[in-house]
Amino acid sequence: MIAVTFALPAESSEFIRRLQSPTRTRRGSIEIVTGMLHGQTVALVHTGVGEKSTRARLGSFLEAETPTCLISAGFAGALHEKRQLGDVVIGQNFSAPFLVDAARRALSTIRVDVLPMTTASEVIDLPTVRQRIAESTSAEAVDMETEYIAQLCASQEIPMLSLRAITDTPSAPFPAPPGVLFNMERQKTEFASLFWYLLLRPAAIVRFLSFAQNVARSRQALTSALELLLREPLG
48 MIAVTFALPA ESSEFIRRLQ SPTRTRRGSI EIVTGMLHGQ TVALVHTGVG EKSTRARLGS
108 FLEAETPTCL ISAGFAGALH EKRQLGDVVI GQNFSAPFLV DAARRALSTI RVDVLPMTTA
168 SEVIDLPTVR QRIAESTSAE AVDMETEYIA QLCASQEIPM LSLRAITDTP SAPFPAPPGV
228 LFNMERQKTE FASLFWYLLL RPAAIVRFLS FAQNVARSRQ ALTSALELLL REPLG
């Protein structure tokens, strides 16, 4: 069985639709989606955003399951302008070398960049903050889960691959303050707060719609990469 993690359903929705005979089961506070893709059994887990949720949800899953490998999939932000919206990237520093090699072969028909990534404890948005993180870590992309997923996998000797799609860059940041877009404590978007933010700032509506289109393109690119990747055994 191959485990695939996403932070949120907004990242995984298209991938789930491609699974054959998907079933949903609950184990405590987490939902596991299991299905087949190209003859391989896939178990999908949503970790939530950030360290606390990731350690709790994925930790619970790995207490009961030992996948042959785990793919940490989802979205990431670019720290440099050379990364474009929709780019698919592999976090080399978080990934098992043999899985990076397997991914290079499986994804040879599309553009995939292998690069250093970092994980942040909060949403990174401002260009100045992105630049500071890039300079201090030498990373080219940032997310909020991969480091913790890698630690959990390492503790159980589960090989991991970090596969992400870029949804925001220094010149194309989030369309609203991170706290408006997502409530970390409740692990959800507060749509009432978002609605009022956009209502009072009509110019932000255009930015929000553009961001939604970027997310959709990134989700499609990530899903296509995952499907290609799973056409061949990863072991």
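Residue numbers (the numbering used here): 48 to 282. Built from N, CA and C at the ideal position, the CB exists for glycine as well. Remember, predicted model here, so these are calculated numbers, not experimental data.
For a quick check, are the C-beta atoms of residue i and residue j less than 9 Å apart?
i    : j    : result
L162 : I137 : yes
L245 : A263 : no
I49  : T113 : no
V147 : T166 : no
T70  : R130 : no
A212 : R266 : yes
Q139 : L277 : no
V199 : L105 : According to the sequence shown, residue 199 is Leu rather than Val. Yes, the Cβ-Cβ distance between L199 and L105 is below 9 Å.
F122 : T214 : yes
T270 : R102 : no
I63  : G75  : no
L284 : P220 : Since the first and last residues shown for the chain are 48 and 282, residue 284 lies out of range.
S68  : E128 : no
Is residue i helix, strand or coil by DSSP?
i    : result
I77  : strand
R71  : strand
D148 : helix
Q294 : Here the chain covers residues 48 to 282 and nothing more, so residue 294 does not appear.
A250 : helix
K87  : It should be pointed out that residue 87 corresponds to Gln in this sequence rather than to Lys. In the structure shown, Q87 sits in a strand (DSSP, three-state: E or B).
K99  : helix
R104 : helix
L109 : helix
L275 : helix
T270 : helix
For my contact list, residue i and residue j are in at a C-beta cut-off of 8 Å; report their separation, rounded to the angstrom.
i    : j    : result
S142 : L208 : 5 Å
V96  : V51  : Not a contact, Cβ separation roughly 17 Å.
L210 : A272 : 6 Å
L126 : A186 : 6 Å
S59  : H93  : 7 Å
L275 : I157 : 7 Å
A259 : V135 : Their Cβ separation, rounded to whole angstroms, is 19 Å, which puts A259 and V135 out of contact at 8 Å.
Does residue i have its Cβ less than 9 Å from a Cβ in chain D?
i    : result
L273 : Among the chains of the structure shown, chain D does not appear; only one protein chain is present.
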